[in-house]
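S.K.:
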Amino acid sequence: MILGQTVAAWGKPDFPAVFSAEVQGLGANALPLQAGLTHSSQVSGDTFSVMVLESSATATHLQIRTGIFYAGVIVGSCCADDPTPLCEQPEYCELLFTLERSTAATHVTLLG
4 MILGQTVAAW GKPDFPAVFS AEVQGLGANA LPLQAGLTHS SQVSGDTFSV MVLESSATAT
64 HLQIRTGIFY AGVIVGSCCA DDPTPLCEQP EYCELLFTLE RSTAATHVTL LG
C-alpha cells in the first residue's frame, strides 16, 4: 500500500487527520484487523476509526503507532431459523505503520 498524502503531510499540524483519513480510505480489508480480534470471530463491516498514538521519523522512514477501533461479530453461533440479529462487539488493536519516505510504500504490523 502507498500512503503518499501521509508522507507529504509529515511535520504539518494536520498530519494526524491526513493520516487517519488516508488509512480509513484503504478499507478494513487492507489492514490486519482479523488477526487483532479478541472478543469476536470476524470483522464486521468496513467501518473503523484511527487514533495516532505515537509517530517518529528517521532519514528514510516514518513510523506511526496507532490504535484502531472497529467491530466484530461471532459468526455461526445461531441456528439457521434464529431471528436474533448479529450483535457487534467492540474491538481494538494497535498497528504500526512503517512508511518509506522516498516512495510512501507502507508496511503494517499488528502490535496487539
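Under the working numbering, the first residue of the sequence shown is numbered 4, with each subsequent residue one higher. The C-beta atom is built at its ideal place from N, Cα and C for all residues, glycine as well.
#1: Going by DSSP, what residues sit across from Arg-68 in a beta bridge?
#2: In three-state DSSP terms, what is Ala-107?
#3: Quick one: Cα of Gln-66 to Cα of Thr-101, how far?
#4: Between the C-alpha atoms of Ala-107 and Thr-9, what's the straight-line distance to the nearest angstrom?
#5: Under three-state DSSP, which class holds Gly-115?
#6: Less than 6 Å between C-beta atoms, sequence neighbours within five positions excluded: which residues of the same chain meet that for Tyr-62?
#7: Would you mind working out which of Met-54, Arg-68, Val-53 sits nearest Ala-60, comparing C-alpha positions?
#8: Helix, strand or coil for Glu-94 per DSSP?
#9: Please go through the same chain and pick out, in chain order, the residues whose beta-carbon is closer than 7 Å to the beta-carbon of Arg-104, but skip the five residues on each side of it.
#10: Using only alpha-carbon positions, find the residue among Gly-75, Leu-6, Ala-31 that is nearest to Pro-19.
M.R.: For this structure:
#1: Answer is Glu-57, Leu-99, bridged to Arg-68.
#2: Looking at Ala-107 - three-state DSSP - the assignment turns out to be coil, as it is neither helix nor strand.
#3: Rounded to the nearest angstrom, the two C-alpha atoms are 5 Å apart.
#4: Each residue's alpha carbon lies about 8 Å from the other.
#5: Reduced to three states, the DSSP call for Gly-115 is coil.
#6: Checking the displayed sequence, the identity of residue 62 turns out to be Ala instead of Tyr. Cβ contact annotation for Ala-62 (same chain, cutoff 6 Å, sequence separation greater than five): none.
#7: Checked all of Met-54, Arg-68, Val-53; the closest Cα to Ala-60 is Arg-68.
#8: Note: Glu-94 maps to strand in three-state DSSP.
#9: Taken in chain order, the residues that qualify are Val-10, Thr-63, His-64, Leu-65.
#10: Nearest C-alpha to Pro-19 among Gly-75, Leu-6, Ala-31: Leu-6.
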